[in-house]
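Engineer: Starting off with a structure, shown below.
In the working numbering, the protein residues as written are -14 to 382.
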């Protein structure tokens, strides 16, 4: 019922033009310092994953151009708190430690950025499920993992912060069964019966990680990276899972009681808790292949603000044509630069959504226009200098 009501509100808002106004923008993709007392939070799918275990650490430690370009983008935006996606997770934290060190080294004239507090945890990607999930007669390989990945830790997530995390209060939902979600969209009769109760909801994980701000308050970072809603068959297993991974947050911030975290604690977010929901949700509000009901419900949730950051670079990139010409949304809000033909084209998939109670003093997407000196950091087409995603940031007070 809550999901249906929120979706109805989202469609009504879109029909009447009642969406929240976009955050004020400048032509410069590099923001100035946050307003006094404001906190800058950013999310960046930095494409620091590789096809083999240990290769991300090698490329970062050797200072290869792509990791350096990703580090320079972070240094240009200078968030206080950074949610980093697609950095391979290894048990020793080697890749994450190496990237934190790269940030402490100025890149191409950018000032160093020091994050003394870093945290990560294993994702589901690449970890064997023990079941033949794709029906090929073998229980092995990326398609049979708990989340698609070539090896354990592929496409990991991490948090880097100027301020300490409340480690004892962190909640992870890596093991939460998909079937535990009421009215879930798990495809019927697709997975082996024994797997249906064991397959986790999260393709990577869902995190609630509180950060201790300088004034003593706690900011809950809500982090996830749902599976892309493609690369499947008519059963739409990935589209359904993507929808439910996003719907988890609708229930969680509503205080639902059905979820149980990996630490054994039950229930959703406490009433009134301050949060920023961050992630590459792999879903666009209007375009692309996702089942967007859950995303619309999230964006219209009474506890969620959508700053709707935009960029000149995204507007220019949409003029490449292809699938972009068939999109219905304003391309200025796009955060990914994907294949134009046959598609999906550029989409808005990366989000930093603050809770009600915050005053949003700024928001943006690091996507320089083609004539900007820093456009070198995002050029390259299918082999971009940094990532096919753009860093998204929001300033909160």
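For glycine and all other residues, C-beta sits at the position ideal for the given N, C-alpha and C.
Could you name the residues of the same chain whose beta carbon sits closer than 6 Å to that of residue 171, not counting the 5 residues immediately before and after it, in chain order?
Structural biologist: 163
Engineer: Under three-state DSSP, which class holds residue 137?
Structural biologist: coil
Engineer: For a test of the three-state rule: what should DSSP assign to residue 234, helix, strand or coil?
Structural biologist: helix
Engineer: For the beta strand (DSSP E) holding residue 43, just list the boundary residues, first then last.
Structural biologist: Per DSSP, residue 43 belongs to no beta strand (DSSP E); it is in the alpha helix (DSSP H), 40 to 46.
Engineer: Which first and last residues belong to the beta strand (DSSP E) in which residue 338 is found?
Structural biologist: 335 to 339
Engineer: What are the partner residues of residue 194, as DSSP defines its beta bridges?
Structural biologist: According to DSSP, residue 194 bridges with 206.
Engineer: Return the first residue and the last residue of the beta strand (DSSP E) that residue 27 is part of.
Structural biologist: Residues 24 to 33.
Engineer: Hey, which unbroken runs of the beta strand (DSSP E) at 3 residues or more fall wholly within the stretch 288 to 354?
Structural biologist: 335 to 339, 345 to 350
Engineer: Measure the alpha-carbon distance for residue 92 versus residue 227 and round it to whole angstroms.
Structural biologist: One Cα belongs to residue 92, the other to residue 227, and the distance between them is close to 36 Å.
Engineer: Would you decide whether residue 304 is buried or exposed? Buried here means 16 or more other CB atoms lie within 10 Å of its CB.
Structural biologist: exposed
Engineer: Can you tell me the Cα-Cα spacing of residue 198 and residue 85, whole angstroms?
Structural biologist: 20 Å
Engineer: Give me the Cβ distance between residue 321 and residue 332, rounded to the nearest whole Å; I'm assuming they're in contact under 8 Å.
Structural biologist: 5 Å
Engineer: Cutting at 7 Å between CB atoms, please list the residues of its own chain near residue 373, excluding the five before and the five after it.
Structural biologist: 32, 321, 322, 323
Engineer: Could you give the C-beta distance for residue 26 and residue 263, rounded to a whole number, given that I count them as a contact under 8 Å?
Structural biologist: 7 Å
Engineer: Hey, could you find the ends of the beta strand (DSSP E) residue 72 is sitting in?
Structural biologist: 66 to 72
Engineer: Closest to residue 297 by C-alpha separation, out of 354, 124, 41, would be which residue?
Structural biologist: 354
Engineer: Identify, in the order they occur along the chain, each residue of the same chain with its Cβ nearer than 6 Å to the Cβ of residue 300, setting aside the five sequence neighbours on each side.
Structural biologist: 316, 317
Engineer: Could you give the distance in angstroms between the alpha-carbon of residue 122 and the alpha-carbon of residue 160?
Structural biologist: Whole-angstrom Cα-Cα distance: 25 Å.
Engineer: On a Cα-Cα basis, can you pick out the residue from 169, 247, 145, 166 that is closest to residue 66?
Structural biologist: Of the candidates 169, 247, 145, 166, the residue whose Cα lies closest to the Cα of residue 66 is 145.
Engineer: Leaving out five residues before and five after residue 375 in sequence, what residues of the same chain have Cβ atoms less than 6 Å from its Cβ?
Structural biologist: 320, 350, 351, 352
Engineer: How is residue 156 classed by DSSP in three states: helix, strand or coil?
Structural biologist: Reduced to three states, the DSSP call for residue 156 is strand.
Engineer: Does the distance from the CB of residue 194 to the CB of residue 254 come in under 8 Å?
Structural biologist: no
Engineer: To the nearest whole angstrom, what separates the beta carbons of residue 359 and residue 14, a pair I think is in contact under 8 Å?
Structural biologist: Confirmed, about 7 Å.
Engineer: What's the C-alpha gap between residue 0 and residue 325?
Structural biologist: Unreliable positioning characterises residue 0 in this predicted model, as indicated by a pLDDT of 38, which lies under 50. A coordinate reading is not provided.
Engineer: Taking the C-alpha atoms as reference points, what is the distance between residue 175 and residue 287?
Structural biologist: Residue 287 has its alpha-carbon roughly 35 Å from the corresponding atom of residue 175.
Engineer: Kindly identify the DSSP beta-bridge partner or partners of residue 144.
Structural biologist: Bridge partners of residue 144: 68, 104.
Engineer: Distance, Cα to Cα, residue 28 vs residue 70?
Structural biologist: 8 Å
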